[in-house]
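Each residue of the sequence shown is one higher than the one before, starting from 272 at the first, in this note's numbering. From the three backbone atoms N, C-alpha and C, an ideal C-beta is built for every residue, glycine too. None of these values were measured; they are calculated from a predicted model. What follows is a set of notes on a single structure, which appears directly below.
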Amino acid sequence: MTIQPDYSALFTASPYPYLLIDTAFIIIGANPAYLQATGRTADEIVGKHIFDAFPADPDSTNLDEVRASIELAIGTRQPHTSALLRYAIPRATPDGPVFEARYWSAIHTPVFDAAGQVAYVAQNAIDVTDLYRFDDATRKYYLKQDANAVPDIPHMNRPQMHEAMTRIMAAERSQLQVLFDQAPGSIAVLTGRQHVVDTVNEAYYALVGHRDIVGKPLLQALPELAAQGFRELLDTAFASGQPVVLRDHKIGLQRQAGAALEERYVDLLFQPIVGEDGRVTGIFAQGNDVTRANHANRALSEKVQQLEEIRANQAFQLELSDRIRPLGDPDEMTAVACALLGRRLAASRVLYAEVDDAAGTVFIRRDWTEEGFASLAGQSKTMADFGPDMIAVLRAGRPVLNEDVQRDPRTAAYTAAYAQIGVRADLLLPLSKSGKLRVVLTIHSATPRAWRHDELSLAQDMAERTWSAIEAAQAQAALRIERDQSQYIFDSMAEGFAVLDRDWTILRMNAEGLRMTQHTADQVVGRNHWDVFPELRGGDAEALYRRVMDSGKTEIIEIPHLLPDKTLMWNEVRTHRSQDGGIAFFFRDITERRSAQEALKIADRRKDEFLAMLAHELRNPLAPIGAAAQLLQMSKLDEARVRQTSQIIGRQVDHMTHLINDLLDVSRVTRGLVTLDSAPQDIRQVVAEAVEQVAPLVEARRQHLALRLAPDAAIVMGDRKRLVQVLANILNNAAKYSGDGGNIVLETETEARPAHVLVHVVDDGIGMSADLATHAFDLFAQAERSSDRSAGGLGLGLALVKSLAELHGGGVTCTSPGLGKGSRFTVCLPRMAAADLRADAAPGAPAAQPNARPLRILVVDDNVDAAAMLAMLLEASGHQVAVEHGGLQALARAEAGPPEVCLLDIGLPGMDGTELAQRLRRLPGTAGAVLVAVTGYGQESDRERTRAAGFDHHLVKPLDTRELFAILEKV
272 MTIQPDYSAL
282 FTASPYPYLL
292 IDTAFIIIGA
302 NPAYLQATGR
312 TADEIVGKHI
322 FDAFPADPDS
332 TNLDEVRASI
342 ELAIGTRQPH
352 TSALLRYAIP
362 RATPDGPVFE
372 ARYWSAIHTP
382 VFDAAGQVAY
392 VAQNAIDVTD
402 LYRFDDATRK
412 YYLKQDANAV
422 PDIPHMNRPQ
432 MHEAMTRIMA
442 AERSQLQVLF
452 DQAPGSIAVL
462 TGRQHVVDTV
472 NEAYYALVGH
482 RDIVGKPLLQ
492 ALPELAAQGF
502 RELLDTAFAS
512 GQPVVLRDHK
522 IGLQRQAGAA
532 LEERYVDLLF
542 QPIVGEDGRV
552 TGIFAQGNDV
562 TRANHANRAL
572 SEKVQQLEEI
582 RANQAFQLEL
592 SDRIRPLGDP
602 DEMTAVACAL
612 LGRRLAASRV
622 LYAEVDDAAG
632 TVFIRRDWTE
642 EGFASLAGQS
652 KTMADFGPDM
662 IAVLRAGRPV
672 LNEDVQRDPR
682 TAAYTAAYAQ
692 IGVRADLLLP
702 LSKSGKLRVV
712 LTIHSATPRA
722 WRHDELSLAQ
732 DMAERTWSAI
742 EAAQAQAALR
752 IERDQSQYIF
762 DSMAEGFAVL
772 DRDWTILRMN
782 AEGLRMTQHT
792 ADQVVGRNHW
802 DVFPELRGGD
812 AEALYRRVMD
822 SGKTEIIEIP
832 HLLPDKTLMW
842 NEVRTHRSQD
852 GGIAFFFRDI
862 TERRSAQEAL
872 KIADRRKDEF
882 LAMLAHELRN
892 PLAPIGAAAQ
902 LLQMSKLDEA
912 RVRQTSQIIG
922 RQVDHMTHLI
932 NDLLDVSRVT
942 RGLVTLDSAP
952 QDIRQVVAEA
962 VEQVAPLVEA
972 RRQHLALRLA
982 PDAAIVMGDR
992 KRLVQVLANI
1002 LNNAAKYSGD
1012 GGNIVLETET
1022 EARPAHVLVH
1032 VVDDGIGMSA
1042 DLATHAFDLF
1052 AQAERSSDRS
1062 AGGLGLGLAL
1072 VKSLAELHGG
1082 GVTCTSPGLG
1092 KGSRFTVCLP
1102 RMAAADLRAD
1112 AAPGAPAAQP
1122 NARPLRILVV
1132 DDNVDAAAML
1142 AMLLEASGHQ
1152 VAVEHGGLQA
1162 LARAEAGPPE
1172 VCLLDIGLPG
1182 MDGTELAQRL
1192 RRLPGTAGAV
1202 LVAVTGYGQE
1212 SDRERTRAAG
1222 FDHHLVKPLD
1232 TRELFAILEK
1242 V
């Protein structure tokens, strides 16, 4: 006999409390266990709305959570669990009813009728009040952690308590897993002495590549780490129980199968996991990829090192000039110059080798050597002994840079001669006169050495300066000894020279001296010096001349001299006493050098200000990044706080990236490494794009930007992106230095200079002093600013504007009536002639019109925003667009409905764009589709890879919509 189960009896006998609620929230039944738990009778609650049957205190009840849980069970047709609900129930007291706060663990399960519709919801609620405590200060509840947290609870049997604890643990485990997966740093949990990978988060896969690693020993899962010392690091942490911390550590990762190792820099923490018995059971591994920060720091260090090298070289040149200027003996000049250069380059030996080309020998009169290195002073050497090929290069007037005489094919067969003088590398600079090799500046190194370009430039500059000074000193010595006053010597000298007797009569002045002083021989020779040059009387020059006449000691002075044409010239004057008691003096124009010295001081000051400013700008985002990193290491962060912290880090990293990009951009432009993509451009469209870029800043400061554009077409030949950059930088500058509510006017002009287009940007901002306006386009030049640096920037924008305008064959100027009176910037660009316009396609035309026939287009990009925007653009042009964010999904979409055009991002996760293209070509429906690569990589090698993968076109982000629509028109 088959017994039919009595479900009603089972409902009544169940020790678990159950309440039955229909879809209108009306109670239709409750079992005895539920009535006992709530202290109510069936007559009191059945037939009533649940919230009427159990009135709640709003301050002590999660009514919305209860309602939402029931609605979710009905709507999803699936059970819904609320691990913890706070629901106060009324309790009778002698003073009247009061609400008693209780905590419940509830599950709402939908029950279906014969037609498959939800008939009612079964609520299974367990009272877990004794398992929790409530914190009034924070208004949060927490599981009790003490030893008495789980007593023998009278109203809860053991199965109920087990069920409640299971729900609570599942909820907390789910929350912890979400936090674990969303942590921005890579995390892995390793177990046992073999460091088996137990758990990793998504950030870990992003770092090492998506490969099968869970359940494997780490060094088996990531074999490339074995040879990089990670076994020792992990074993040390496991054995010692102490954390291992690595900062900015270089590692190589094979992030794709068969690929070469990819260099990354990471911050790593290996934290031992200690069990209750005090023994290490595993390792908690945490890492942050700091590769971009490492590269940025290295780029900054290299730039600072370049600036320091320039400063050191300029200081060296000034010291060289100061040291050899007062010397009259050529040998002393040579000795001083060689010593300075040797110490500056850390060489082993420096010398001037005097060449006797006819005899094929060189003579070393003097040399400088580092301590313990043998001198060659007073020796002669046969040039052929050191390699005929090397000597031929010197005779041709070219320098020789030999990094290792034993390996260089020009000297490898002559190493014995080099070994005899202790040389393994040398740098040789030929000095020729009248087409003949006369002297070779020689720098020796006892060890192999790779000579740098800046070292070669420094040596060349020193050789020219020193040899010029030596020639002048030799000429002066010959004059003092032999009194050779021939006109030939005078006129062949590169300096001014004059002779005065004791009565100040000018006996002679050479042609260079006459040219420099803007006089003729008739105006000078035979006349009193003070009559010819009255402006020098009573000054430093007269005092010097009289001292030399009296003492006979040679002296040097630098003096300003106002020429007849009112030009101020600085002269260096070297004065000697002649045998008859008069004086002879040499003078040369050092105006350029003095200007260079002043410019060097200004540049040095600006460089220091720039470095301080750059440090400030880079340090600012580091503070919130550091605070965010510390916050992420704290426990019990909710999801919203983690998301907020990650967004802060992202914004600050973007800010640092913009700063580094600005530095690299101005470096490329100033070094001539920028190639313009020139085409005819309508200046009105360039203005429109520039205004679009600066509009957010103008609107944020409630400023008024007025456009006054010339009515006729103004076409220029140029690179649109760079021209937009020029105008956007000037507009941005105007907005930054104009107050809130200020006025900015942009005006184009074509009539004032018909062959050019003028763009004026006028503001009523803080204005500029005359000095600042003169240097506004200098690198790092900026106006004074407040301590909060509200205007921001690194002083690069206007320097970039000037360089880009000049690259386009134009220029830029600025004027200001003064501080507080605004500024006016004018960009001048060559205007294309009408004949040129007819020869070219209409410049600056709008983006190509959409194809008359709508196309089926598949857009694949893991950047959701970028894909959405591109899809909107294409749909607006009449095309039918499908969007996917991964390779496998894209293949499935293509098989379901083959597209005619596929726009594929290359950097897709998992299956990248090149593999996706190859697989699309193998599908019958897409074998003939037009495949377009959309990527941030635009090198020729990148284009070759996409062509090999089957792409028809290669577009570089950000997309040029005209180019894209031109491709679609041809489909």
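DSSP on Gln-525, reduced to helix/strand/coil? coil
The beta strand (DSSP E) with Tyr-623 in it runs from where to where? 620-627
Check the C-beta distance from Gly-652 over to Val-633 and give it rounded, since I have them as a contact under 8 Å. A small fix is needed here, since residue 652 is Lys in this sequence, not Gly. With a Cβ gap of about 5 Å, Lys-652 and Val-633 count as contacting.
DSSP state of Met-1253 mapped onto helix, strand, coil: Residue 1253 cannot be examined here, being either before or after the span of the chain that is shown, 272 to 1242.
May I have the straight-line CA-CA distance separating Gln-915 from Gly-897, to the nearest angstrom? Roughly 14 Å separates the two Cα atoms.
In whole angstroms, what separates the C-alpha of Leu-980 from that of Gly-1093? 21 Å
Local conformation of Tyr-287 per DSSP, three classes: Coil at Tyr-287, not helix or strand.
Going by DSSP in three states, Gly-1082 sits in which element: helix, strand or coil? strand
How big is the Cα-Cα spacing for Ser-285 and Thr-352? Between Ser-285 and Thr-352, the C-alpha separation is close to 20 Å.
Spatial neighbours of Pro-597 in its chain, beta-carbon cut-off 7 Å, leaving aside the 5 residues before and after: Ile-827
Please look up how many angstroms separate the CB atoms of Leu-708 and Gln-731, rounded, as I've assumed it's under 8 Å. Their Cβ separation, rounded to whole angstroms, is 16 Å, which puts Leu-708 and Gln-731 out of contact at 8 Å.
8 Å Cβ cutoff met for Val-1172 and Val-1201: It is a contact, given that the beta carbons lie within the stated cut-off.
For Ile-830, which residues from the same chain have a beta carbon less than 8 Å from its beta carbon, with the 5 sequence-adjacent residues on both sides left out? Leu-807, Gly-810, Asp-811, Ala-812, Trp-841, Asn-842 and Val-844
Just to confirm the assignment: which complete alpha helix (DSSP H) runs, minimum length 4, are found wholly within the region 812-880? none
Determine the direct distance from the alpha carbon of Leu-540 to that of Arg-502, and round the result to whole angstroms. 14 Å
Sheet register partners of Ala-977 (DSSP bridge): Val-1016
So if DSSP puts Thr-1097 in a beta bridge, which residue, or which two residues, is it bridged to? DSSP, once it has assigned bridges, lists His-1031 and Thr-1084 as partnering Thr-1097.
Answer with buried or exposed for Met-787, where buried requires no fewer than 16 other C-beta atoms within 10 angstroms of its C-beta. Buried is the call here.
Please return the same chain residues whose Cβ sits closer than 7 Å to the Cβ of Phe-555, not counting the five positions on each side in sequence. Excluding positions up to five away in sequence, the list reads Val-460, Gln-542 and Ile-544.
Quick check on Val-1154: does DSSP put it in helix, strand or coil? strand
Using only the alpha-carbon positions, how far apart do Leu-493 and Leu-1002 sit? 52 Å
Using DSSP bridges, identify the partner residues of Trp-775. Answer by DSSP bridge pairing: none, since Trp-775 is not bridged.
Alpha carbons only, please: which of Phe-383, Gly-1199, Ser-739 and Thr-791 is nearest the one belonging to Gly-859? Residue identity check: residue 859 is Arg in the sequence provided, not Gly. Selection Phe-383, Gly-1199, Ser-739 and Thr-791 evaluated against Arg-859 yields Ser-739 as nearest (Cα-Cα).
Can you tell which of Glu-641, Ala-304 and Ser-763 has its C-alpha closest to the C-alpha of Leu-281? Checking every option, the nearest Cα to that of Leu-281 belongs to Ala-304.
Could you tell me whether the region 575-593 touches the region 671-691, using the rule of 3 or more Cβ pairs below 8 Å? no
Once the 5 residues before and after Asp-469 are set aside, which same chain residues still bring their CB inside 6 Å of it? Val-460 and Thr-462
Does the beta-carbon distance from Ile-299 to Ile-321 come in below 8 Å? no
Report buried or exposed for Asp-679, applying the criterion of at least 16 other Cβ atoms within 10 angstroms of its Cβ. buried
Touching by the beta-carbon criterion (3+ pairs, under 8 Å), the region 1007-1017 and the region 1072-1080: no
Note down the Cα distance separating Lys-487 from Val-913, rounded to an integer number of angstroms. Cα to Cα, Lys-487 sits roughly 30 Å from Val-913.
Could you tell me the distance, in whole angstroms, from the CA atom of Val-1135 to the CA atom of Pro-1195? 28 Å
Give the single residue among Val-1242, Asp-725, Ala-1219 and Ala-855 whose Cα lies nearest to the Cα of Ile-581. Asp-725
Simplified DSSP assignment, three categories, for Leu-343: helix
Keeping to the same chain, check which residues put their C-beta closer than 6 Å to that of Val-607; ignore five residues upstream and five downstream. Cβ within range, chain order: Arg-594 and Ile-595.
Cα-Cα separation between Pro-670 and Asp-660, rounded to whole angstroms: 12 Å
Inter-residue CB distance, Asp-1132 and Asp-1176 (contact presumed, cutoff 8 Å): Yes, they are in contact, since the Cβ atoms of Asp-1132 and Asp-1176 sit about 4 Å apart, within 8 Å.
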